[in-house]
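Everything below concerns the one structure shown next.
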Amino acid sequence: MLGANKEPYEPQDTLVIFKDDGTADVAAVIEINDDRLYAESAMTSYSVPVGDFSSYTGRKGRIFLTGATIEASSDYQRIAALERSTVLRQITHYQGDPPIAAAGMSLLKKMLIGVGIVALLIFLKAV
């Protein structure tokens with residue numbers, strides 16, 4: 039009975055930043071790639087380079103720890119804001135593919151050629 043109400047286990051990766059002023063910030067990890075770890079908390083987001091954190095395994099998922107100075111922590115926040123604004127800029131400035139040039143003659147050119155042929159026939163018939 040008790041086992042029937044359990045939901046499937048979904049691990050939650052967490053980033054913990056220990057600052058040198060004695061405070062810490064905890065953020066949920068959103069994305070990890072070869073270059074960086076991207077995490078978001080309720081107040082801010084962080085982009086931490088791969089070499090700056092250690093990883094551990096907990097009961098609910100991986101835990102990434104990093105010790106940082108106040109300056110490094112604010113740098114992580116600025117990098118995350120820059121990445122987010124770059125992505126948003128690329129999305130909003132997308133102009134689509136360039137239009138494909140018409141393959142063949144336009145309608146105006148066809149009409150002018152037709153009028154020219156009719157005029158030539160009228161001229162030849164008159165002569």
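All residue numbers for the sequence shown refer to the working numbering, where the first residue is 39 and numbers rise by one. Beta carbons: idealized from backbone N, C-alpha and C, even for Gly.
Under the criterion of beta carbons closer than 8 Å, residue 65 and residue 94 do not qualify as touching, at roughly 16 Å. Here DSSP, grouped into helix, strand and coil, assigns residue 125 to helix.
Here residue 125 is exposed, its C-beta having fewer than 16 other C-beta atoms within 10 Å.
Within the DSSP secondary-structure output, residue 84 pairs in a beta bridge with 77. Secondary structure at residue 111: helix, using DSSP grouped into helix, strand and coil. When the alpha-carbon of residue 86 is set against those of 165, 127 and 121, the nearest one is in 121.
When DSSP states are grouped into helix, strand and coil, residue 161 belongs to the helix group. Collapsing the DSSP output to three states places residue 90 in a helix. Checking the DSSP bridge columns, you'll see residue 57 partnered with 106. Rounded to the nearest whole angstrom, the CA to CA distance from residue 55 to residue 80 is 14 Å. Beyond the five residues adjoining it in sequence on each side, residue 105 comes within less than 6 Å, by CB distance, of 56 in the same chain, given in chain order. Beta bridge pairing from DSSP links residue 118 with no other residue.
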